[in-house]
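Student: Here our numbering is used: the first residue of the sequence shown is 4, the next is one more, and so on.
Even glycine gets a Cβ: it sits at the ideal position worked out from N, Cα and C.
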Amino acid sequence: MGEFVRVEKADGVATIRLDRPKMNALNRQVQLEIAECARQVDADGDVSAVVLYGGRVFAAGADIKEMADMSYADMAVHSRTLQDCFTAVARIGKPVVAAVTGYALGGGCELALCADIRIAGESAKLGQPEVLLGIIPGAGGTQRLPRLIGPAKAKDLIFTGRHVAADEALAIGLVDRVVPDDDVHTEALAYAAQFAGGPALALRAAKQAVDHGLETDLDTGLEIERLQFSGMFATADAGIGMRAFSERSKAEFTGR
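1) Rounded to whole angstroms, how far is the Cβ of R121 from the Cβ of D179, which I believe are closer than 8 Å?
2) On a CA-only basis, which of A169, K210, E255 is nearest P183? Give me that one, please.
3) What are the boundary residues of the alpha helix (DSSP H) that A237 is part of?
4) Which two residues bound the contiguous alpha helix (DSSP H) that contains E39?
5) Can you give me the Cβ contacts of Q211 inside the same chain, cut-off strictly under 6 Å, excluding the 5 residues immediately before and after it?
6) Between A205 and D240, how many whole angstroms is the CB-CB distance? I'm expecting something under 8 Å.
7) Using C-beta distances below 6 Å, list every residue in its chain close to G258, excluding the 5 sequence neighbours before and after it, in chain order.
8) Go ahead and pull the three-state DSSP assignment for G124.
9) For R147 and R94, what's the separation of their Cα atoms in angstroms?
10) Between G124 and G137, what straight-line distance do the alpha-carbon atoms span, to the nearest angstrom?
11) As a quick exercise: from L116, I67, H81, A52, pick the residue whose alpha carbon is nearest that of K97.
12) Buried or exposed: P24, going by 16 or more other Cβ atoms within 10 Å of its Cβ?
13) Say whether the stretch 152-163 touches the stretch 13-31, bearing in mind that this needs 3 or more beta-carbon pairs closer than 8 Å, one atom from each stretch.
14) Quick one: Cα of L221 to Cα of G164, how far?
15) Under the DSSP definition of a beta bridge, which residues are partnered with L129?
Here's what the structure looks like:
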């Protein structure tokens, strides 16, 4: 458990909770603590799904005060750590849900992009305002955002630096569901809870097939899918699931 980021577990769901008052600014320490929590929940066999949550504010972005005095040489080193920390979240081999409340700007938006599903509150604001500081997104915004919403919409958000309200975020596919502000965490937990006790190896394989397939051409993506699909037949869960189907009973998966 870090100073500003902690893992809370209940009923097979882990919440990675950001708690750096007032706005969850993502300084280097917070970045490293996020990465450590991501690795922890990925390796934890008792965790079936993960929720990213920041309380009143998801994350208002990187700590500008920390970056302001950095030189090119400084940032050339730090930017690698920054990306690696966020990539640790993206590579959690379990369903990950971002519960977006308040602001998810800059690095906060990039953190939400590392999730598989984004549930936002009605008053949430998302965006990549880095250009207004004379810089560009550096934690995946120029890469994950266009892959999610398409290059034209991503360029609009990155070029203008504007904030996107929850309803527009839903319309362009930046978030997947909008709920009342007070219900965001509850809804995210409920979504994640459906995977508790599920076929963990199949979920991991499905996530890897989709994510890795997006990085390549269709033929290579289909080969990735074929290999992952075939590999499932070496698992105990595949036998359990198909026998349960034949017997019209509920599958009791073991994660093996």
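Tutor: Per the coordinate set shown:
1) Residue 121 sits at position 118 when you count from the first residue of the sequence shown. Residue 179 sits at position 176 when you count from the first residue of the sequence shown. Right, the Cβ-Cβ distance comes to about 5 Å (below 8 Å), so this counts as a contact.
2) For the purposes of this step, residue 183 is taken as the residue at position 180 of the sequence shown. Minimum Cα distance to P183 is reached at A169.
3) Your numbering for residue 237 matches position 234 in the sequence shown. Run containing A237: none; DSSP gives neither H nor E here.
4) Sequence index remark: in the sequence shown, residue 39 carries index 36 (1-based). Unbroken alpha helix (DSSP H) run through E39: 31-46.
5) Stepping through the sequence shown from its first residue, residue 211 is reached at position 208. Answer for Q211: no residue qualifies.
6) Residue numbering aside, residue 205 sits at position 202 when the sequence shown is read from its first letter. Residue numbering aside, residue 240 sits at position 237 when the sequence shown is read from its first letter. So it is a contact: roughly 6 Å between Cβ atoms.
7) Along the sequence shown, read from residue 1 onward, the residue named residue 258 stands at position 255. The answer, listed in chain order, is A203.
8) Position 121 of the sequence shown holds residue 124. Reduced to three states, the DSSP call for G124 is strand.
9) As a first step, residue 147 is located in the sequence shown; it is residue number 144 there, counting from the start. As a first step, residue 94 is located in the sequence shown; it is residue number 91 there, counting from the start. Between the alpha carbons of R147 and R94 lies a gap of roughly 13 Å.
10) Your numbering for residue 124 matches position 121 in the sequence shown. Your numbering for residue 137 matches position 134 in the sequence shown. The straight-line gap from Cα to Cα measures roughly 29 Å.
11) Along the sequence shown, read from residue 1 onward, the residue named residue 97 stands at position 94. The shortest Cα separation from K97 among L116, I67, H81, A52 belongs to A52.
12) Here residue 24 corresponds to residue number 21 of the sequence shown, with the count starting at 1. Under this definition P24 is an exposed residue.
13) no
14) By one-based count along the sequence shown, residue 221 stands at place 218. By one-based count along the sequence shown, residue 164 stands at place 161. Computed Cα separation, rounded: 33 Å.
15) Mapped onto the sequence shown, residue 129 falls at position 126. For L129, which the question treats as bridged, DSSP gives the partners A107, V167.
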